[in-house]
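Enquirer:
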Amino acid sequence: MNEKTKDQDELGLQAGPLCREPWESYYILRRGILPCCYGNPIVAPMDEWSETWNSSQLQEIRRYLARGELSPYCRESLGCPIVQRVLAQERAREGSVKSSRPGWQRRLNRLFLGLPARIYRKLFPAR
4 MNEKTKDQDE LGLQAGPLCR EPWESYYILR RGILPCCYGN PIVAPMDEWS ETWNSSQLQE
64 IRRYLARGEL SPYCRESLGC PIVQRVLAQE RAREGSVKSS RPGWQRRLNR LFLGLPARIY
124 RKLFPAR
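In terms of the numbering used here, the sequence shown opens at residue 4 and continues consecutively.
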């Protein structure tokens, strides 16, 4: 499956947002309002439910999700399976990126029993 096909549906339209929950519903609890069932922290008190639907905070969350990104609010909701999946993909991408340190510094680190990289960053600052 090529990149264009993966990002678009069979009609050539862009796939939906990363998560649809903030457009479809939100949760009004005694402790406050949440944009989704995994949301944390509270976005507004329970009695402000009518104003919260189009609040700036919910609109910001929707903008991020529509772009296929996690909002700062979503990144705090670590119980969400979508957040878990995106963070795992980000870690995998970071792990696949080659180290910016030259090979001799990596070998030196192994030679000195794996001292923390921060020591080498202080000794050999990146240019």
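For each residue, glycine too, the CB sits at the ideal point set by N, CA and C. All values reported here derive from a predicted model rather than from experimental measurement.
Who are the near neighbours of Thr55 in its chain, counting only those whose CB is closer than 8 Å to its CB and skipping five residues on each side?
Expert: The residue given as residue 55 occupies position 52 in the sequence shown. Same-chain partners within the cutoff: Tyr29, Ile36, Val46, Ala47, Leu61.
Enquirer: If you reduce the DSSP assignment to three classes, tell me which class Leu61 lands in.
Expert: Numbered from its first residue, the sequence shown carries residue 61 at position 58. Looking at Leu61 - three-state DSSP - the assignment turns out to be helix.
Enquirer: Classify Gln38: buried if its beta carbon has 16 or more other beta carbons within 10 angstroms, exposed otherwise.
Expert: If you number the sequence shown from 1, residue 38 lands on position 35. The sequence given here places Pro at residue 38; Gln does not occur at that position. Buried is the call here.
Enquirer: Whole-angstrom Cβ separation of Glu63 and Ser74, contact assumed at under 8 Å?
Expert: Here residue 63 refers to the residue found at position 60 when the sequence shown is read from its first residue. Here residue 74 refers to the residue found at position 71 when the sequence shown is read from its first residue. Going by Cβ atoms, the distance from Glu63 to Ser74 rounds to 6 Å, so yes, they are a contact pair.
Enquirer: In three-state terms, what does DSSP make of Gln82?
Expert: Translated into positions along the sequence shown, residue 82 becomes position 79. In the sequence under discussion, the amino acid at residue 82 is Gly, which differs from the Gln named in the question. Three-state result, Gly82: coil.
Enquirer: Let me know if Arg65 comes out buried or exposed under the rule of 16 or more other beta-carbons within 10 Å of its beta-carbon.
Expert: As a working note, residue 65 is residue 62 in the sequence shown. Buried, because 16 or more other Cβ atoms sit within 10 Å of the Cβ of Arg65.
Enquirer: Rounding to the nearest angstrom, what Cα-Cα distance links Ser58 and Gly42 in this structure?
Expert: Indexing the sequence shown from 1 puts residue 58 at position 55. Indexing the sequence shown from 1 puts residue 42 at position 39. So the two alpha carbons sit approximately 16 Å from each other.
Enquirer: When you compare only the Cα positions, how much space is there between Gly19 and Ala69?
Expert: Looking up residue 19 in the sequence shown gives position 16. Looking up residue 69 in the sequence shown gives position 66. Their backbone Cα atoms lie some 7 Å apart in a straight line.
Enquirer: Suppose you measure from the CA of Pro84 to the CA of Ile31; what does that come to, to the nearest Å?
Expert: On the sequence shown, residue 84 is found 81 positions in, with the first residue counted as 1. On the sequence shown, residue 31 is found 28 positions in, with the first residue counted as 1. When rounded, the distance between both Cα atoms is 21 Å.
Enquirer: My output table needs one value for Ser74: the three-state DSSP class, helix, strand or coil.
Expert: On the sequence shown, residue 74 is found 71 positions in, with the first residue counted as 1. In this structure, Ser74 counts as coil in the three-state DSSP scheme.
Enquirer: Run the CB neighbour count on Cys40, radius 10 Å, all protein chains shown included, and call it buried at 16 or more, exposed below.
Expert: What you label residue 40 is simply residue 37 of the sequence shown in a count that begins at 1. Burial call: exposed.
Enquirer: Please work out which residues of its chain come closer than 8 Å, Cβ to Cβ, to Arg34, disregarding the five sequence neighbours upstream and downstream, and give them in chain order.
Expert: Taking the first residue of the sequence shown as 1, we reach residue 34 at position 31. Only Ile45, Met49 meet the Cβ criterion.
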